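K.L.:
My structure is below; once you've seen it, I'll send some questions.
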């Protein structure tokens with residue numbers, strides 16, 4: 001029962017998501033959640049040891065962010081978002 | 096030019112308010128800002144050395160909170176809120 | 191004292207519209223003057239004539255309208271914010287060829303300049319945001 | 321796969337309505353089925369027929385309606401949430417003696433049960449909140 | 451099919467309709483005889499603080515809605531222990547209708563659910 | 570009377586209309602020849618991150634609006650330095666139209682203003 005977690009802010013939504021993760025789950029940062037690339041990079045690099053993390057391209061580009069070369073985070077488009085919802089058994093949204 | 100600062104959440108609004116305070120200013124916690132009584136009591140007890148802090152009664156009662164006996168925080172009603180806006184030269188809202 | 195109030199919240203999203211209304215009532219009870227209430231952002235929904243909450247909940251647009259008309263308060267709704275959110279009077283509905291209008295009497299649709307003018311003219315500006 | 325989408329945001333407040341719309345388009349492009357879109361909380365404003373944003377901004381209710389009618393998607397607006405926020409069709413406007421209605425064609429006003437039914441029936445539920 | 455639904459509620463009470471509309475969803479779900487659980491996390495834990503008197507806000511008391519959950523077969527409300535601790539909340543300040551999930555229990559609880567609806 | 574107005578903008582861009590509507594207010598204020606300043610704090614500092622391409626969100630670029638501030642006589646945008654530091658933002662990532670307020674400077678800047686409008 002792998003779960004895709006979507007996170008749309010770097011504050012409470014990200015914090016709550018972190019304590020709801022099981023091995024094999026994935027996290028997709030979207031909307032203001034993409035700011036976690038700057039604000040929570042320590043948390044993300046820890047997380048990446050066990051969990052696959054993705055960012056939504058449209059939101060990264062809109063905000064003038066760039067993906068972190070030093071972190072193994074995949075950038076996906078809406079099609080990739082769809083594929084993540086198929087690959088996991090359910091979706092939990094944190095906002 | 097004393098300022099009344101209203102704070103309606105304990106997260107970013109309270110943090111930003113703290114760095115905008117001048118001696119002689121007052122702070123009024125309202126709406127979800129009253130949760131600072133629990134969440135940020137250390138911050139508040141520091142603050143109270145220099146700054147007068149108030150909480151809005153309707154919001155404290157609504158949420159099942161109680162004022163802190165150990166802190167010198169006055170509970171005001173909407174009439175008291177009005178008086179605070181008169182007693183200060185301007186009002187800055189943090190939300 | 192002369193007050194200008196800026197209201198940014200709708201009844202569904204936060205609590206700021208209700209806080210502003212309670213504050214406005216207390217202002218008038220204390221003998222102060224409200225030179226303008228300016229509804230901006232989601233606050234424009236407070237001018238909707240179609241809000242119909244359950245009987246055990248307060249109808250904020252109705253309560254605002256009552257205060258505004260009984261006390262003769264100048265109430266301005268930001269026209270750009272209102273058009274974006276689907277709150278329009280009959281003139282704007284005609285101009286933009288919309289199928290209906292949903293604007294309460296007693297409010298005026300106008301520009302942001304009305305907020306800035308009131309801000310300068312008032313002794314105190316109080317902003318109510320979510 | 322069969323999807324149910326729950327949309328909680330209006331265009332003015334957050335970004336979730338737009339994210340949901342882009343996701344819905346991508347779902348259909350990938351050959352999936354959307355068994356229901358349920359508009360709840362501030363998401364009910366996406367059914368308003370009176371939203372009229374500036375020309376350089378997207379009209380989300382119009383875009384949603386286009387997708388819903390062209391693709392024959394079952395689109396349900398929570399009736400309790402809509403009444404609280406001033407989004408009503410002609411029947412509800414009559415029932416509650418409201419002066420107008422502002423509901424787009426192609427959507428249905430109904431209860432929360434429609435969200436729970438779709439949740440159980442779908443292979444995946446995706447929630448879009450602000 | 452008897453799929454389980456978990457409703458996660460993360461917002462403080464009286465902030466618009468968020469908490470209320472999550473509770474409504476839980477009640478409707480249970481009334482459809484769907485196995486339903488309600489999980490409070492983050493600011494959502496403030497919803498079960500005892501002694502709420504929202505009369506001046508002209509809002510309905512959330513506590514009466516929480517008490518009606520049992521009538522619909524929702525025997526307990528799950529609460530994230532870490533969210534309580536962060537807010538310095540003691541169990542005796544809360545309505546006595548919850549089950550604490552400590553540490554990894556939140557994650558394992560969610561893993562067991564078929565569908566999760568967030569508010 | 571030439572009262573000064575400061576507009577504080579604390580929300581990230583493209584979150585609904587918050588940032589856009591604050592900028593609109595600044596432009597209108599300046600066009601009324603009111604001495605106007607714009608102060609970015611908290612998530613508001615993300616508004617001047619350079620290279621924003623909101624095309625896929627079908628939103629107008631905020632940067633073009635910031636660049637038009639000068640035409641209305643708003644020569645600079647004030648930015649809270651602590652908010653930049655917390656977000657690990659470097660000056661070279663930002664549109665070059667701001668003045669940094671460090672430490673107590675935010676508080677003293679606000680003390681000088683006659684009216685403050687928050688967004």
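Residue numbers (this note's numbering), protein chains in the order written: chain W, 1 to 95; chain S, 96 to 190; chain E, 191 to 320; chain H, 321 to 450; chain Y, 451 to 569; chain A, 570 to 688. Positions of the beta carbon are idealized from the N, C-alpha and C atoms, including for glycine. Being a predicted model, the structure only gives us computed values, none of them experimental.
1. Would you call the region 543-558 of chain Y and the region 487-507 of chain Y in contact, with 3 or more CB pairs under 8 Å?
2. In chain E, what lies closer than 8 Å to residue 627 of chain A by C-beta?
3. For the region 205-222 of chain E, which residues have a beta carbon sitting closer than 8 Å to at least one beta carbon of chain S?
4. When you compare the region 162-173 of chain S with the region 129-144 of chain S, are there three or more beta-carbon pairs, one atom per stretch, that lie closer than 8 Å?
5. Under the three-state reduction of DSSP, which class applies to residue 444 of chain H: helix, strand or coil?
6. With H, G and I counted as helix, E and B as strand and the rest as coil, what does DSSP make of residue 252 of chain E?
7. Per DSSP, what are the beta-bridge partners of residue 53 of chain W in this structure?
8. Can you check which of these residues, W:19, W:14, W:6 and W:5, is closest to residue 558 of chain Y by C-alpha distance?
9. Spell out whether any CB of chain W is found under 9 Å from the CB atom of residue 565 of chain Y.
10. Of all the options E:297, E:316, E:204 and E:213, which has the alpha carbon lying nearest to the alpha carbon of residue 183 of chain S?
11. For residue 290 of chain E, go through chain H and note every residue whose CB falls closer than 8 Å to its CB, in chain order.
12. For residue 500 of chain Y, which residues in the same chain have their Cβ closer than 8 Å to its Cβ, ignoring the five residues on either side in sequence?
13. According to DSSP, simplified to helix, strand and coil, what is residue 569 of chain Y?
14. Take residue 476 of chain Y as the anchor and find which of H:385, H:370, H:335 and H:437 has the nearest alpha-carbon.
15. Is it true that the CB of residue 464 of chain Y sits closer than 9 Å to the CB of residue 158 of chain S?
16. Exposed or buried, residue 521 of chain Y, counting other C-beta atoms within 10 Å across all chains shown (16 or more means buried)?
17. What residues from chain H crowd round residue 484 of chain Y, counting only those whose CB sits closer than 7 Å?
18. For residue 12 of chain W, would you say it is in contact with chain H, using Cβ-to-Cβ distances shorter than 9 Å as the test?
19. Drop a sphere of 10 angstroms on the beta-carbon of residue 647 of chain A, count the other beta-carbons inside from all chains shown, and report buried for 16 or more, exposed for fewer.
20. Looking at chain Y, is there any beta carbon in it that lies within less than 9 Å of the beta carbon of residue 300 of chain E?
21. Report, in whole angstroms, the separation of the C-beta atoms of residue 568 of chain Y and residue 455 of chain Y, which I expect to be a contact under 8 Å.
22. Do you know whose CA, among H:393, H:425 and H:361, lies nearest residue 243 of chain E's CA?
23. Could you tell me whether the Cβ of residue 356 of chain H comes closer than 9 Å to any Cβ of chain W?
24. Can you confirm whether residue 78 of chain W, when its beta carbon is compared against all beta carbons of chain H, has any partner nearer than 9 Å?
25. What are the start and end residues of each continuous alpha helix (DSSP H) run of 4 or more residues lying completely inside the region 216-293 of chain E, in chain order?
26. List the residues of chain S that residue 659 of chain A touches, going by C-beta distances under 8 Å, in chain order.
27. Three or more C-beta pairs under 8 Å: does that hold for the region 259-270 of chain E against the region 221-231 of chain E?
28. May I ask which residues mark the beginning and end of the alpha helix (DSSP H) holding residue 472 of chain Y?
29. Check distances from the C-beta atoms of the region 40-69 of chain W to those of chain Y and list, in chain order, the residues that come in under 9 Å.
30. Cα separation between residue 471 of chain Y and residue 333 of chain H?
31. According to DSSP, is residue 333 of chain H helix, strand or coil?
32. Apply the 10 Å Cβ neighbour rule to residue 636 of chain A and answer buried if 16 or more other Cβ atoms are within range, or exposed otherwise.
33. What three-state label does DSSP hand residue 464 of chain Y in the structure shown?
34. Would you decide whether residue 31 of chain W is buried or exposed? Buried here means 16 or more other CB atoms lie within 10 Å of its CB.
35. Could you pull out every residue in the same chain whose Cβ sits closer than 8 Å to the Cβ of residue 604 of chain A, ignoring the five residues on either side in sequence?
36. Over the uninterrupted alpha helix (DSSP H) stretch that includes residue 2 of chain W, give me the two end residues.
P.N.:
Once the coordinates are examined:
1. Three or more pairs of CB atoms, one per stretch, sit closer than 8 Å, so the region 543-558 of chain Y contacts the region 487-507 of chain Y.
2. Neighbours of residue 627 of chain A on chain E: none; closest Cβ ~13 Å, over 8 Å.
3. 205, 206, 209, 212, 213, 215, 216, 217, 219, 220 and 222
4. Taking a contact to require three or more Cβ pairs closer than 8 Å, the region 162-173 of chain S and the region 129-144 of chain S qualify as touching.
5. Looking at residue 444 of chain H - three-state DSSP - the assignment turns out to be strand.
6. helix
7. Residue pairing from DSSP places residue 53 of chain W in a beta bridge opposite W:27.
8. W:19
9. yes
10. E:316
11. 369, 370, 420, 421 and 422
12. 513, 543, 544 and 545
13. The three-state secondary structure of residue 569 of chain Y, taken from DSSP, is coil.
14. H:437
15. yes
16. exposed
17. What residue 484 of chain Y touches in chain H: 436 and 440.
18. Taking 9 Å as the CB threshold, residue 12 of chain W stays off the interface with chain H.
19. buried
20. no
21. Actually they do not touch by this definition, with Cβ atoms about 11 Å apart.
22. H:361
23. no
24. yes
25. The region 216-293 of chain E contains these whole alpha helix (DSSP H) runs: 250-261, 269-275 and 280-285.
26. The contacting residues do not exist; residue 659 of chain A stays about 21 Å from chain S at best.
27. yes
28. 468-481
29. none
30. 18 Å
31. Coil at residue 333 of chain H, not helix or strand.
32. exposed
33. coil
34. buried
35. 571, 572, 573 and 574
36. It is not in any alpha helix (DSSP H) - residue 2 of chain W carries neither H nor E in the DSSP assignment.
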